Each structure stands twice: as C-alpha cells, then as structure tokens.
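Please read the structure below before turning to the comments.
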Amino acid sequence: MRQCPAHADSAPSLHVTVADDGRVLVHCFAGCTVEEVLAALHCSWKHLHDRPWLTPQIHHATWGRSAWPTFPALDARAGAHPAARGMRLVSVHRYGDGRWLLERWRSPGGAKDLRWTTRRGRTYLPGMFGVPTSALPLYREREVRMAVGAGEPVIVVESESSVDAICRAGTYATTWAGGAASPNLDRLVAVLRGADVVLVPDHDEPGLACARRVWAALRPVTRSLVGVTPEPGQDARDLLAARGVAGLLGGAR
Numbered sequence: 001m002r003q004c005p006a007h008a009d010s011a012p013s014l015h016v017t018v019a020d021d022g023r024v025l026v027h028c029f030a031g032c033t034v035e036e037v038l039a040a041l042h043c044s045w046k047h048l049h050d051r052p053w054l055t056p057q058i059h060h061a062t063w064g065r066s067a068w069p070t071f072p073a074l075d076a077r078a079g080a081h082p083a084a085r086g087m088r089l090v091s092v093h094r095y096g097d098g099r100w101l102l103e104r105w106r107s108p109g110g111a112k113d114l115r116w117t118t119r120r121g122r123t124y125l126p127g128m129f130g131v132p133t134s135a136l137p138l139y140r141e142r143e144v145r146m147a148v149g150a151g152e153p154v155i156v157v158e159s160e161s162s163v164d165a166i167c168r169a170g171t172y173a174t175t176w177a178g179g180a181a182s183p184n185l186d187r188l189v190a191v192l193r194g195a196d197v198v199l200v201p202d203h204d205e206p207g208l209a210c211a212r213r214v215w216a217a218l219r220p221v222t223r224s225l226v227g228v229t230p231e232p233g234q235d236a237r238d239l240l241a242a243r244g245v246a247g248l249l250g251g252a253r
C-alpha cells in the first residue's frame, strides 16, 4: 500500500498490482479514480498496459532466429552472432519500451559478450544504427519517472541485472546504457531531480570512480541522496541478497 498522489492525506491508500497479463491494476481506497491518479503522476492509460517482458529464451526463439539468418550483412557489420560462436543468451534488457534490446551472452567457458539490437518494424536487427548509448533513456525510465512523481525512492546501480533483481524485490531502480565508463549524467539529473535516491556502486575501482561522478551530479538536484557501498568485489545484487530491500534503502525513506 502506498500514499496516493491524487489527494492530500498522508495515510497509505493506493494499492498497485500487476495482473497475469501484464496490466497494472490501480485502486485508491480513499475514492480517487484511476484517471486522477494517472494525472497526478503525469501518466496516461497506455502506461498501465505494456507488453510483457520476454524471457531470454522466448526472445531468441521469437526474434533471434528470424533476424540473424535474414540479414547476414548487418550481422557481419555488428560482428559475428554470439550464437554462432557457441554462446548462450542469458538475459535481454529493454531500453525505450523495447525499441532497443541489450542482449547478454555467455560462453561455456565463462566469456561474456554484449549485443545491441534495434527494432525495425516487426523484427530486431543487430546494431544501434548510429544512435549512441548516451542518447538512450535510462533503464526502466518510465517506471522511474512514475516513482519520482509518487515520491518513492529510487536505487541507482551499475547494471541492468541488478536493476531487475531490485525491482523483483519490490522497489524502484535504474541504471544507464554504457556501464561504469560512461554514466549518463545529464539523463540521471533530468529524471531524478527532486527524488530520494540511493546510490549503490559496484565495489571495484571503475565502479567507485563512476559513483563519485554520479554523486557529484545528483547531489545538488535530489531531495536526498544516500550512498550504500557493498563489500569489496561485490555489487548491488550481493548487497540485496545480504540485506534485503530495507537494507538497501537505508535512510532514503
């Protein structure tokens, strides 16, 4: 139960759940209509009806097999397809409501590979077609904008996998495309202005250096900013497993 953004009292009265078909169900026990709740969050009905996320296996069966053999020149430009090198698709992360997909592949020996694909019509083609990762929205940005509008804290981490784990545990999180080397500071500032933010870096040298840049950018614009650092060599998922969501949020609530 959350505080409803559509009326002024401070008692939690808004219940939000996700139906089996992916629809978001909203009910205010104080009597606010769904339209009033959406208006307070600057959202519309379409935000409650999103296509379900694909598992890596379904994504590969649906898109990968049709896109790769049909467009060999594009795959050659983007590099040999990971599946042709014996790698296994382990996760798919959607940016921009699915316009871009970041695929994570792993070989039996543990080697990793990242592959971007772009939606063109009814299929996905390899590559970004000239779009830099700095031009992409934040990961799960639409959810994060709703969280900021509702006064919910947001956890900023370094990887999409950590974001997904935290969201499955019941709170909001985000990251950017590009990793520790290139945090999208302008986008972070624009989306998280006025928010309660928890910053959880990967505890290695690149992760801590990145966190210092993100902290400096967010400190002047957020309502509150808390840093929580995992043990050396660990990341947000390790911290989530050790402390749970309450431990991650710390003083953000």
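Every letter in the sequence shown is one number past the one before it in full-length UniProt numbering, and letter 157, counting from 1, is 157. Every residue, glycine too, gets a C-beta built ideally from N, C-alpha and C. For clarity, every value in this text was computed on a predicted model and none was experimentally measured.
Nearest neighbour of residue i, chosen from the options [CA to CA]
i	options	result
L114	E103, S107, T123 and P108	E103
S161	R2, R140, Q3 and P220	R140
R193	L101, S107, V154 and S10	V154
S91	A84, T174 and W105	W105
A30	G227, C4 and S44	C4
W215	V156, W100 and S134	V156
A181	H15, A8 and S134	S134
D164	H81, L25, H93 and P220	H93
I166	A246, C32, E36 and R2	A246
Rounded straight-line distance, which links the Cα of residue j to that of residue i
i	j	result
V27	G244	According to the sequence shown, residue 27 is His rather than Val. Answer to the nearest angstrom: the Cα atoms are 27 Å apart.
S13	V34	13 Å
T118	L239	33 Å
R88	A8	51 Å
L185	G121	31 Å
F71	G98	Model confidence at F71 stands at a pLDDT of 49, short of 50, so the residue's coordinates are unreliable and nothing is read from them.
S10	T17	20 Å
M146	L41	6 Å
V24	L101	23 Å
R142	V131	20 Å
P220	P82	42 Å
G149	A84	45 Å
A211	A6	35 Å
P126	W116	6 Å
Whole-Å CB distance - residue i paired with residue j, under 8 Å assumed
i	j	result
L218	L225	6 Å
V200	A236	4 Å
L136	A195	Wrong, their Cβ atoms sit about 20 Å apart, outside the cutoff.
G179	E158	7 Å
R213	P183	6 Å
Own chain, CB closer than 7 Å to residue i, minus 5 neighbours either side, in chain order
i	result
V144	L138, V154, Y172, T174 and V191
P232	H203
S44	L38
G170	V245
T229	P201 and H203
Cβ neighbours of residue i in the same chain (closer than 8 Å, five flanking residues each side left out)
i	result
G86	S107 and P108
Y95	L101, L102, L136, P137, Y139 and A177
G151	Q3, P5 and D196
Sequence-distant residues of the same chain with beta carbon closer than 6 Å to residue i, five excluded per side
i	result
P69	Model confidence at P69 stands at a pLDDT of 41, short of 50, so the residue's coordinates are unreliable and nothing is read from them.
F129	T118
A242	none
W53	Since pLDDT at W53 reaches only 48, below the 50 mark, its modelled position is unreliable, and no value is offered.
| Within the stretch 159-245, ranges of the beta strand (DSSP E) (whole runs, at least 3 residues) | Taken in chain order, the complete beta strand (DSSP E) segments of 3 or more residues contained in the stretch 159-245 are 172-174, 196-199 and 224-227.
| request: Note down, one range per segment and in chain order, each beta strand (DSSP E) of at least 3 residues found wholly within the stretch 95-130. | output: 100-106, 112-120 and 123-126
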